[in-house]
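K.L.:
The structure under discussion is supplied below as structure tokens; questions concerning it will follow.
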Amino acid sequence: MGEASLHVERNTRTASLAGTLVPRPERPHPVPVGQLTDLLLGQSPPITCWRFLPRQGDRFVFEKGVIMFAHNTEELSHLEVIGSTVAMLNKGAKGQLAEAVEEEADLYRSLTAGGNDSHTTALLYGGGPALTNSAGVPWSAAYIDTIDELADLRSNIAAEARAKIIYERLINVTDDAGIKDALGFLMPREIAHQKSFEKALHSIQPNFPQGKLPGDPKFTSVYFDLSKGDDVRGPWNEGPEWQFDGNPKLAVDGGDGTARVNVPKADLETLKAMASRTASNPDVDPTTGADLGAGQETTTK
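Put into structure tokens, the structure is as follows:
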């Protein structure tokens, strides 16, 4: 007979899980937890999207706001899927740590197998994940960027693309069929969101450049060749849209490249006084702490 096991469930049947997939890992296993935290608390994955999409939805007009709130709700359900997966994976480690069912060395090896570093998470957080990514970096509200409708749509497209790659890499490093099923559902949803944001962006015409002010035509289509070595040419720097400048001037405005500002007379006098007070004397060679520390002889009276 096979080893007896207890089927443990977590109540995830909530409204936030509508239109999603309930995770069912094959067994508790702490190794993947450290990697899965990238999906919980990384810069691009669900929690960041969940926080910035409502800010965009409040500011976007008409149908674009509806799109943001729809995707925002789904990102919340994705957080639930990933969080539930992490909870299921940590079930065994949580009990082992609490009850000390193994010898110390065996327990440590089981938690750190395969180079896994989530033992830190398990020890400090009672078998649960820390609010950090796999590198130990805490999630930050600084990840939330929202500035302009067109710029935000492009940012959302990039965020979905990055999240898709993270899901793909995690699928490649796990052998748990249940985890693969969950990630295999979530990854295509990033593709769907990216397609939706792309359609929303390109349904606005024109959509480039962002904002209202036009760029100075003297600079909007110039490619400055500032690299050394063989020049690689292509549609990104040649053709009817581009003026290729192979030898850029020091200052494109025709000046000598020196930064200048007109300082008021009162401030100028103050700056001169400060420069005089803090001026160095080039005619002396003082003995310094570094000299003394190096054993340099000093003259004594």
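First residue of the sequence shown? That's 325 in the numbering used here, and the numbers climb one at a time after it.
For glycine and all other residues, C-beta sits at the position ideal for the given N, C-alpha and C.
What you are looking at is a predicted structure, and each value in this text was computed from that prediction instead of being measured.
1) Thinking C-alpha only, which one of V461, N480 and A459 is nearest I468?
2) Report yes if the CB atom of D472 is closer than 8 Å to the CB atom of G535, and no otherwise.
3) Looking at C-alpha atoms only, which residue of L494, S520, F521 and K523 is the closest neighbour of F509?
4) How would you label K542, buried or exposed, when you count the other beta carbons within 10 angstroms and need 16 or more for buried?
5) Using three-state DSSP, classify V546 as helix, strand or coil.
6) Is DSSP giving P541 helix, strand or coil here?
7) What residue does the beta strand (DSSP E) around Q567 start on, and which one ends it?
8) Quick one: give me the first and last residue of the alpha helix (DSSP H) that I471 is part of.
9) Which value, in whole angstroms, describes the spacing of the CA atoms of P564 and H402?
10) Compute the Euclidean distance between the alpha carbons of D569 and G619, then round it to the nearest angstrom.
11) Ends of the alpha helix (DSSP H) at A524?
12) Whole angstroms is fine: what's the gap from M412's alpha carbon to E350's?
13) Classify T611 as helix, strand or coil using the three-state DSSP reduction.
14) Counting C-beta neighbours from all protein chains within 10 Å, is the total for T612 16 or more, i.e. buried, or is it exposed?
15) Check the C-beta distance from T361 over to T456 and give it rounded, since I have them as a contact under 8 Å.
16) Between the C-alpha atoms of S551 and E398, what's the straight-line distance to the nearest angstrom?
17) Quick one: grab the DSSP three-state call for T602.
18) Taking Cβ positions, are Y321 and N531 nearer each other than 8 Å?
19) Taking the alpha-carbon positions, what's the P610 to T602 distance?
20) On the criterion of 16 or more Cβ atoms from any shown chain inside 10 Å, does A586 qualify as buried, or is it exposed?
21) What is the rounded straight-line gap between the Cα of D540 and the Cα of D549?
P.N.:
Working from what's here:
1) Sequence index remark: in the sequence shown, residue 468 carries index 144 (1-based). Nearest option by C-alpha distance: N480.
2) To locate residue 472, count along the sequence shown from 1; it is residue 148. To locate residue 535, count along the sequence shown from 1; it is residue 211. Yes, they are a contact pair.
3) For the purposes of this step, residue 509 is identified with residue 185 of the sequence shown, where counting begins at 1. Per the Cα distances, L494.
4) Indexing the sequence shown from 1 puts residue 542 at position 218. By the neighbour-count rule (16 or more Cβ atoms within 10 Å), K542 is not buried but exposed.
5) One-based indexing of the sequence shown puts residue 546 at position 222. In the structure shown, V546 sits in a strand (DSSP, three-state: E or B).
6) Looking up residue 541 in the sequence shown gives position 217. Here P541 sits in helix by DSSP.
7) Counted from its first residue, the sequence shown places residue 567 at position 243. Start and end: Q567 to D569.
8) In the sequence shown, the residue the question calls residue 471 occupies position 147. Unbroken run through I471: none, as it is neither H nor E.
9) As a first step, residue 564 must be located in the sequence shown, where it is residue number 240. As a first step, residue 402 must be located in the sequence shown, where it is residue number 78. The alpha-carbon atoms of P564 and H402 are separated by roughly 45 Å.
10) To locate residue 569, count along the sequence shown from 1; it is residue 245. To locate residue 619, count along the sequence shown from 1; it is residue 295. Going from the Cα of D569 to the Cα of G619 covers about 56 Å.
11) Stepping through the sequence shown from its first residue, residue 524 is reached at position 200. A501 to H526 is the span of the alpha helix (DSSP H), which, as asked, contains A524.
12) Here residue 412 is taken as the residue at index 88 of the sequence shown, counted from 1. Here residue 350 is taken as the residue at index 26 of the sequence shown, counted from 1. If I take the Cα positions, the gap works out to 9 Å.
13) Taking the first residue of the sequence shown as position 1, residue 611 is located at position 287. Note: T611 maps to coil in three-state DSSP.
14) If you number the sequence shown from 1, residue 612 lands on position 288. The residue is exposed, with fewer than 16 neighbouring Cβ atoms inside 10 Å.
15) Taking the sequence shown and counting its residues from 1, the one referred to as residue 361 is at position 37. Taking the sequence shown and counting its residues from 1, the one referred to as residue 456 is at position 132. That belief holds up - the Cβ atoms of T361 and T456 are roughly 6 Å apart, short of 8 Å.
16) Indexing the sequence shown from 1 puts residue 551 at position 227. Indexing the sequence shown from 1 puts residue 398 at position 74. Approximately 44 Å, taken between the alpha carbons.
17) Locating residue 602 in the sequence shown gives position 278, counting from the first residue. T602 falls in the coil class under three-state DSSP.
18) Limits of the chain in this structure are 325 at one end and 625 at the other, which puts residue 321 out of reach.
19) Indexing the sequence shown from 1 puts residue 610 at position 286. Indexing the sequence shown from 1 puts residue 602 at position 278. So the two alpha carbons sit approximately 16 Å from each other.
20) Here residue 586 corresponds to residue number 262 of the sequence shown, with the count starting at 1. Going by the sequence as given, residue 586 is Asn instead of Ala. Counting Cβ neighbours within 10 Å, N586 comes out exposed, since fewer than 16 surround it.
21) The residue given as residue 540 occupies position 216 in the sequence shown. The residue given as residue 549 occupies position 225 in the sequence shown. Their backbone Cα atoms lie some 19 Å apart in a straight line.
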